[in-house]
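Next comes the structure, spelled out in structure tokens:
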């Protein structure tokens, strides 16, 4: 009926992962690698109104706020509200402390409420400073108080205080009994409200505490830095390692905060040295020249990985030594200072600081280097302007890496301006290629800003700078009108061999950027061609394949293998590209695993994705395992490993290895919880997917727990971003309701399912894209109504489902009209299940009218739905007593099915229609036609084999009945024994997971086999099978949540009737009589609403009558015969067709060999049961 899916958010590879090199004229190279392929957005809750005071302040509001809620909040504190909640909980608990036995469950619920409220009070007292000023939490408490008061008042009205007089006590008890269901529902809803309120307080407090820790951490670092600037000589740190970092010529620590570690002290000391260098350079500015005032400095932290020495502390000590050397140089005679040497020293120091993740200091030294270079430009512009361009480009890269794209744009635009000027004055190849590199960087910045059109212009000009200016004379065909369109001609690539490796690589990178820009304007085909040309250049330009070139080649192969291009590149080719990238990265990892393992994991990631799309799940599983194992080595990116484990879990899921999927998913969640904060939605999504895995593993209670955690986390996230996370809450509620159904917790399923419906109904107005999830929510609610036992709630939910479906069909008729038919069919099923045939008939007719109007569209979906409705209507009219009408409806269904027999689902319905029609012909006494129809049914079912095992078993049962009716019990046994064997196969078990009625087939086969064995005189074996049949139905009770007792009971009664006859045949007349009385009582109750069971009631009355006479209770036998006569007379007047069929079936009953033998054995001579009425 519906399908569960895990939720994924596939993200393109981060463009910040592109590799850049600094201009060669500076003789320095920096590699900038970006974030992982999947970006996670972190959002913290607002902490407005935060107070660190230990006392308990009252809630404050502005005096001008005059709305009722604000006035209430102004006059009530958190403590007062908690006190009221506690008192109300105790009052409710005491109200049910002395009640009748039938209300003990309510008292248990009230006790749970009181206990939970007590826990809430304790939690609020422990976190009072966190919660006292939270307006949302106060509103939640007030809402809870009002709900508790309402429940208390309603309960008092329904169950007034117990009076002293006995008569009034009796009335009091009756009142409690009468209203117990309503009271229990009220108190249960209140219990759920209290639990949600408790969870909401806990999640809110956790999020606020996390944010405070972040704020406190920032304050501690600032305080630590300030403390380190005020070292006193009177206090020394005993740790010699720390003293070595501080230096004996510096003041020692006077106060050491507890959070200050050796790492923090060394970082602080290094920052002090950088400040000293800045101060010294500022003092020398008058000796040099005026310093540029361009605002290049930035304080944001970049998400960049850089190479370090194997020992970070040794590396850091080397940087500290370098800063001390620079300071010593700056303290010497300024007339001896070399600006060129100083510039190189500043550049080298900035890269070392960058490797230590000291980004403010990196920018500071970079600015110093740029200012020194500008000083050189003042004196010798021709020589140093190219260096200045390179310095501006380097600074732009730094801003890109720290995600300050605006300042990066300012820097690179200035570099481009200078470079354009240089094109006119200098003609060297190296200077000319600078423009192409700068334009490529500008295109990249514009791409990051989302200005894809301008990015494309810059990228195209960058490519032209190489093709038209640098290598124009070497292009064979000389056509430069569209140079940015890639070519696959290897000769063109080979002409580049006369140029430097750096120029070739830069040209390739310009083409790569062109690919990104083309992708930005939704031209993926051209983007792929640009990447393929870039790859062609690197592979066929006779480059010396250094590690950096191999990295570029592998990056291009990885990009071409990515799922974003699967619509253009065939999956098989994408698999080849990914394997080639993996081969290169594996080779590189042998030299430097720490540097290349992340890229290797990404390439493996894409290979596994591609294998999954090719449905090669076993191979994908092996790759995911390899990826997750490799990711263990990525210490700085455990989130990536968790992502890989998630995908590994998904592969297990697709292989239907759901327990293993759940285990792997749990491991990924543990990593997420360690690596991420509660504000990350990855944790919530992980719990959702875990719930799906556990559902398919049949571990419904565990699935419920996981989904409840997911809901609480999504609710917490929705505090700050309701528009984004309300959808997630609704989806999770849908899946939670489904698992509650499978756990026989229908009461909770009603609540969560309805909340999901309401949320989807609100969202659909703003965002029509939620329609698929809305439809799933409706189908889950249909299932709740179809399986729960409460008639009132099932009818109510079926009505709600129909109302919401009508609303969707009205707004989206093309997409949702068939959903409306499903809703009508579901409501029909609910009416039918509770024996409300008239309402069921009215509902199904509405669906049939619409379908008949639209059947001319020749749509398979409409045809399938039409057949469903015809079959359902045929069951209704049969139970109303119109067997001939049933036959007509089934013939119409068969006609529709034969015209669409190529569709598997319609073929299944065709088989069902044919076998039901064969069954109906037998009831009508047309036994020869029934045999013919059963043969047709068998042939059709066998053609489909075990794919539709339910239909095959049903057809074999019909063949058995038809053979028995024409006096061939031996042949009937062959059919039914085959059917019984099929009932014990894995295929039927799998089919029953989708169609729970399949579980009833075993019992049906057993009682049919029992009757056939009795016909050939094997009464002892027949009795054994009759008992086994009854046991099979009883075992199903409360075993399968989607198979309620109301669906099982008819099969139970059929099995009981067979057992009654077999007990009589085996001389247990007393047991047979007791059993047949139970059967007759059941049919007498049913016949009031379903006239069609009159035939079964007549059979029961006849059997009861002969058994009474057989044991000598003739008066009761005569009375039973009288009931039979009255039933027949009533049918003659109201339903003549059914009356004739009843006589026909009763006459047929006496022709079965087993019945003939039983009557002979009983030897009844009284004559009370001889004539058929």
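Residue numbers (the UniProt record's numbering): 1 to 1173.
Heads up, the beta-carbon is just placed ideally off N, CA and C, and yes, glycines get one too.
Treat the numbers as computed from the prediction; the structure is a model and nothing was measured.
For the 8 Å CB-CB criterion, residue 187 and residue 140 do not form a contact. Rounded to the nearest whole angstrom, the C-alpha separation of residue 1097 and residue 1169 is 16 Å. The three-state reading of DSSP puts residue 358 in coil, since its state is none of H, G, I, E or B.
Three or more pairs of CB atoms, one per stretch, sit closer than 8 Å, so the region 651-668 contacts the region 685-705.
Relative to residue 467, the option among 510, 446, 443 whose CA is nearest is 510.
Nearest Cα to residue 523 within the set 1128, 568, 998: 568.
The region 930-998 contains no complete beta strand (DSSP E) run of 3 or more residues. For residue 1115, the enclosing alpha helix (DSSP H) begins and ends at 1114-1134. Taking a cut-off of 8 Å for Cβ pairs, the region 876-887 and the region 1077-1096 touch, as three or more such pairs fall below it. Only residues of its own chain outside the window of five on either side were considered, and among them 840, 843, 844, 872 have a CB closer than 6 Å to the CB of residue 828, listed in chain order. C-alpha of residue 974 to C-alpha of residue 615: approximately 41 Å in a straight line.
Annotated three-state conformation of residue 908 is helix, per DSSP. Contact between the region 774-790 and the region 805-819 is present, with at least three C-beta pairs closer than 8 Å. Within the region 857-906, the runs of alpha helix (DSSP H) that reach at least 4 residues and sit entirely inside it are, in chain order, 860-880, 883-898. Rounded to the nearest angstrom, the gap between the Cα atoms of residue 90 and residue 182 is 20 Å. DSSP places residue 644 in the helix class (H, G or I) of the three-state scheme.
Residue environment for residue 1061: buried (at least 16 other C-beta atoms within 10 angstroms of its C-beta).
Rounded to the nearest whole angstrom, the CA to CA distance from residue 729 to residue 439 is 46 Å. Shown here, residue 638 sits in a helix according to DSSP, grouped into three states. Taking the CA atoms as reference points, residue 938 sits about 28 Å from residue 1031. The C-beta of residue 1134 has fewer than 16 other C-beta atoms within 10 Å across all chains shown, which makes the residue exposed. With a contact defined as Cβ atoms closer than 8 Å, residue 933 and residue 917 qualify at about 6 Å.
Of all alpha-carbon atoms in 950, 1007, 961, the one lying nearest the alpha-carbon of residue 994 is that of 950. Rounded to the nearest angstrom, the gap between the Cα atoms of residue 411 and residue 507 is 22 Å.
With contacts defined as CB atoms closer than 8 Å, residue 459 and residue 517 qualify as a contacting pair.
Sequence-distant partners of residue 749 (beyond 5 residues in either direction) whose C-beta falls short of 7 Å from its own C-beta, in its chain, are 737, 740, 741, 784. In this model, residue 1019 and residue 1072 are separated by some 14 Å (Cα to Cα). A direct Cα-to-Cα measurement between residue 888 and residue 107 gives close to 55 Å. With a 10 Å radius around the Cβ and a threshold of 16 neighbouring Cβ atoms, residue 930 comes out buried.
Taking each of 185, 116, 734, 391 in turn and checking the Cα distance to residue 747, the smallest one comes out for 185.
The Cβ-Cβ distance between residue 1036 and residue 1106 does not fall below 8 Å. With a cut-off of 8 Å on Cβ pairs, the region 1012-1026 is in contact with the region 1148-1164, counting three or more such pairs.
Counting along the chain, residue 696 sits inside the alpha helix (DSSP H) bounded by residues 681-696. Around the C-beta of residue 275, fewer than 16 other C-beta atoms lie within 10 Å, and the residue is accordingly described as exposed. Excluding its 5 nearest sequence neighbours in each direction, residue 1004 has C-beta neighbours in its own chain below 7 Å: 957, 1051, listed in chain order.
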